[in-house]
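Take a look at the structure set out below.
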Amino acid sequence: MKLNFKKLGTGKPFVILHGLFGSADNWLSIAKGLENHFTLYLVDQRNHGDSPHADEWNYKVMVEDLKELLDDQKLDMVYLMGHSMGGKTAMKFACTYPEKVEKLIVADISPRYYSVHHQKILEGLNAIDLSSIKSRKEADDILAGYIPELGIRQFLLKSLGRDSNGFVWRINLPVITKNIEEVGKALEEGELYDGRTLFLAGENSNYIQQSDLSDIEQHFPKYEVEFISNAGHWLHAEQPESVIAEVLNFMN
């Protein structure tokens, strides 16, 4: 699959993968802080952003999507970073094609299994009838019945676009809803990346816990963990300067 991506900056290639319900645009502010150091590739994963939609959606095919992008761009080796779902893709890619990854950064996710916990979000998104709403405020009002947090609703509604016929989802909502269990799947036993790996964890998030460290070490023996103060799961949106500083420190 030919993925959509944004390219900016100058220097060694650095690929960034967004999380579930997100897009490449979520990482633009981080990219602006890194563009003097790296050539950045901000990627829309399949069924997200402006990349194609497909019925098949799992980490195996997302890894192959990324491999195709690197081949098309003639990138032999890259720095690779992924957040949440994108972190899972990045981890699996590094284990599958270790020769392609110079250094790996994983933002607020571990290799373990995560149970499905997006039911309310999916209920809310599926409750929005795109054929009848006339404004983004209408969509937000419907979503508010399921998700009280304004910031989360604003993030989700970034995937609500328009075409000549009206509102459309940039995410493949039916496929994501049907296959949501794929998002939480663990790395398989024996999958290994022996390069330097940084795990960034939100201090207020429960996605990376002390009990995850032994599992992380099994797959990424040259790992280190840095906690981002005053940040939850969306650490790049909540504390962008801290994330940029940690990335540059690790790269140098």
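Numbering (our numbering), first residue to last: -3 to 248.
Yeah, the Cβ is synthetic: ideal placement off N, Cα and C, and Gly gets one too.
As the structure is a computational prediction, the values presented were derived from the model and not from experiment.
When the beta-carbon positions are compared, residue 59 and residue 88 come within less than 8 Å of each other. Around the beta carbon of residue 170, fewer than 16 other beta carbons lie within 10 angstroms, which makes this residue exposed. The continuous alpha helix (DSSP H) containing residue 170 extends over residues 169 to 174. Of the candidates 80, 248, 162, 126, the residue whose Cα lies closest to the Cα of residue 106 is 80. The three-state secondary structure of residue 215, taken from DSSP, is helix. For residue 2, the uninterrupted beta strand (DSSP E) segment begins and ends at 1 to 5. Around the CB of residue 70, fewer than 16 other CB atoms lie within 10 Å, so the residue is classed as exposed.
By the beta-carbon neighbour count (other beta carbons within 10 angstroms, threshold 16), residue 189 is buried. For residue 236, the uninterrupted alpha helix (DSSP H) segment begins and ends at 236 to 247. Membership of residue 57 in the alpha helix (DSSP H) is indicated by the continuous run 55 to 68. Here DSSP, grouped into helix, strand and coil, assigns residue 87 to helix. By the criterion of a C-beta distance shorter than 6 Å, residue 220 is surrounded in its chain by 194, once the five residues flanking it on both sides are discounted. When secondary structure is reduced to three states using DSSP, residue 187 falls in the coil class, being assigned neither helix nor strand. Here the alpha carbon of residue 141 sits roughly 40 Å from the alpha carbon of residue 64.
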